[in-house]
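Undergrad: The structure is given below, and queries will be raised subsequently.
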Amino acid sequence: MKNFFTKFMFAALLMGTFTLISCQEEFEELPDSNDGKAIEASSSTAALIKDTSSEGGQNNSIECIDFVYPIDLFSFNINLEITNTVTVKNDIELRLFFTGLGENDIVGIDFPITLEKYDGTRVVVNSNAELAVVLEAAKDSCDPGQIAPCSDGDINEALLGDCRFKITNLDGTFFEELYIDFSNSNIHAYDANNTIADEGNWSLQSGVLQINSLSATLGNYIGDWKVISCENDSFKLKRGEETIVLTKSCEVTGESNEEIENILAECKWEFVVPSSSSIGLYNVKFLENGDVKFVDENGGVFTIDTFTTWKLDGGAITFYNANQELIAEKWKISSYSASQMYVDIYNENELVYQNVLQRKCEDGTACSDADINDALFGGCKFKITNLDGTFFEELYIDFSNSNIHAYDANNTIADEGAWSLQSGVLSFVALSLKLDNYNGEWEVIECGTDSFKLERGEEIIVLTKECD
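Structure representation (structure tokens):
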């Protein structure tokens, strides 16, 4: 209800704004600062926001002030229809959001928001007019050299890990697809065919990465590169006017496919920035046995779900029986973590665009098989209900061994069966009385201290711990 009310108020605000802009070039130039919740995607304030969220060293980047996240954003088209609602959690997500807007799109920011200067000082802004003033003032307010993004220890720990790093320019391109292994004091650069393209060595001192002895493909990159930005999965290096990006790319092998499948199965996933196709507006849920669901923010199933299946092979998610105008057939995973996956989206052999899939566990955190087993074997019974807390009868289930014993309110056995657990899926078998309709596979979609939420198709049940 709160989200609906917020969107409604933004739409009402925009309608009022449209009636006043016949002589205005940009919404944020209106004299009353209270109207400043509407930004045109092509406006100067939008440009300032993109510059502030750009990577250090990029042309026009504003490096001495940062947004404090999360920030709630709303986008509208010229017909005042909401095209997207998103909570951005970092610079990458904010920049991708604004980059993905159409020229006629309009953005609303849920003020107040907070920004932090390089010296730790924070400032709260309540309108677009205030935001523009703060960002303009920050353009030349400090020396980017004063900013220490991370320590030598942080950099060494990342570079000496087991993953390679893909090298690109700031726009994500490079003259060749190359991956660099820094896992010892030497450098090995591999091409897309996993063939060594160059070799050298490196050293690090006071945030400066020195690259030496390259002589082939990367010979022009010998020298001192200052680390101007570091994040969980990437580094930005600057030498003179040139900036390159090293993005962690953990090698995807047959062994890691199982790990990725387990990560994908835990929660719903969403694009950080929705694509221009319909699928970008929906969350993806990867199910066991190759099934897949596409759901909106309210959990409604999108109709393209009917025949579409998926498979993970060699680090690429491939969709089958899908409408290719809506779902690109292959999402190649370039790197991944437990919460994000960087994907290259292909139709046939053509790279359509790149994006980031982010895990979305709105209903709570999924849990491991060990967590579930520990709870079910813990000696307590579990009351079974629907989401609203009701059920056709008051029943309590004992899972304390591989059998199921269901008891009614009088502590009389009402049904018996068996259960098993694999990869977060709880299977009920051999129930034949009260709960015979509940035989089958139930995915554990949420677990808390005292309860589990299980899903099978469109049906959801809740198991709540009841200890004597």
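Residues -23 to -1, 1 to 445 (mature numbering (1 follows the signal peptide of the UniProt record, and there is no 0)) make up the sequence shown, in order.
Ideal Cβ placement from N, Cα and C applies to all residues, glycine included.
Roughly how many angstroms separate the alpha carbons of Asp201 and Leu186, rounded to a whole number?
TA: In the sequence shown, the residue the question calls residue 201 occupies position 224. In the sequence shown, the residue the question calls residue 186 occupies position 209. Taking the straight line from one Cα to the other gives about 6 Å.
Undergrad: Rounded to a whole number of angstroms, what is the C-alpha to C-alpha distance between residue 448 and Ile188?
TA: There is no way to answer for residue 448, as the model of the chain reaches only from -23 to 445.
Undergrad: Would you call the region 319 to 333 in contact with the region 400 to 418, where contact means no fewer than 3 C-beta pairs closer than 8 Å?
TA: The region 319 to 333 vs the region 400 to 418: no contact.
Undergrad: Within the region 186 to 244, note down every full alpha helix (DSSP H) run reaching 4 residues or more, in order along the chain.
TA: Correct list: 231 to 243.
Undergrad: Using the DSSP secondary-structure output, state which residues sit across from Phe271 in a beta bridge.
TA: In the sequence shown, counting from the first residue as 1, residue 271 sits at position 294. Its beta-bridge partners are Val261.
Undergrad: For Asp168 and Thr194, I'd like the C-alpha separation in whole angstroms.
TA: On the sequence shown, residue 168 is found 191 positions in, with the first residue counted as 1. On the sequence shown, residue 194 is found 217 positions in, with the first residue counted as 1. The straight-line gap from Cα to Cα measures roughly 10 Å.
Undergrad: By a C-beta neighbour count over all protein chains shown, 10 Å radius and 16 as the cutoff for buried, is Ala386 buried or exposed?
TA: Counted from its first residue, the sequence shown places residue 386 at position 409. Classification for Ala386: exposed.
Undergrad: Using DSSP with H/G/I as helix, E/B as strand and the rest coil, what is Thr60?
TA: Counting from one through the sequence shown, the residue named residue 60 turns up at place 83. Residue state, collapsed to three classes: strand.
Undergrad: Suppose you measure from the CA of Thr91 to the CA of Leu108; what does that come to, to the nearest Å?
TA: Numbered from 1 along the sequence shown, position 114 holds the residue referred to as residue 91. Numbered from 1 along the sequence shown, position 131 holds the residue referred to as residue 108. Cα to Cα, the separation comes out at about 10 Å.
Undergrad: Give every residue of the same chain whose Cβ lies closer than 8 Å to the Cβ of Asn298, excluding the five residues on either side of it in the sequence, and list them in chain order.
TA: Looking up residue 298 in the sequence shown gives position 321. Within the same chain, Asn298 has close Cβ partners Phe284, Thr285 and Thr286.
Undergrad: Would you call the region 425 to 442 and the region 351 to 366 touching, i.e. three or more CB-CB distances under 8 Å?
TA: Segments in contact, yes.
Undergrad: Can you say whether Ile390 is buried or exposed, counting buried as having 16 or more other CB atoms within 10 angstroms of its CB?
TA: Sequence index remark: in the sequence shown, residue 390 carries index 413 (1-based). When all chains shown are included, Ile390 counts as exposed.
Undergrad: Is there contact here, the region 47 to 62 with the region 78 to 90, by at least three beta-carbon pairs under 8 Å?
TA: Output reads yes: the region 78 to 90 touches the region 47 to 62.
Undergrad: Suppose you measure from the CA of Ile157 to the CA of Arg99; what does that come to, to the nearest Å?
TA: If you number the sequence shown from 1, residue 157 lands on position 180. If you number the sequence shown from 1, residue 99 lands on position 122. In a straight line, the C-alpha of Ile157 is about 38 Å away from that of Arg99.
Undergrad: Give the list of continuous beta strand (DSSP E) stretches no shorter than 3 residues that lie fully inside the region 128 to 165.
TA: Taking only runs of at least 3 residues, the beta strand (DSSP E) segments lying wholly in the region 128 to 165 are 141 to 146 and 156 to 158.
Undergrad: Report the rounded CA-to-CA distance for Asp131 versus Lys143, giving the unit in angstroms.
TA: Taking the first residue of the sequence shown as position 1, residue 131 is located at position 154. Taking the first residue of the sequence shown as position 1, residue 143 is located at position 166. Using only the alpha carbons, I get a separation of about 18 Å.
Undergrad: Cβ of Asn103 within 8 Å of Cβ of Asn81?
TA: For the purposes of this step, residue 103 is taken as the residue at position 126 of the sequence shown. For the purposes of this step, residue 81 is taken as the residue at position 104 of the sequence shown. No, they are not a contact pair.
Undergrad: Decide if Ala114 is buried, meaning its Cβ has at least 16 other Cβ atoms within 10 Å, or exposed.
TA: Translated into positions along the sequence shown, residue 114 becomes position 137. Answer is exposed; the Cβ neighbour count stays below 16.
Undergrad: Would you list the residues sitting across from Asp175 in a DSSP beta bridge?
TA: Position 198 of the sequence shown, counted from the first residue, corresponds to residue 175. Ala166, per the DSSP bridge assignment.
Undergrad: Mind checking who Asp49 pairs with in its DSSP beta bridge?
TA: Reading the sequence shown from its first residue, position 72 is the one you call residue 49. BP columns for Asp49 point to Thr64.
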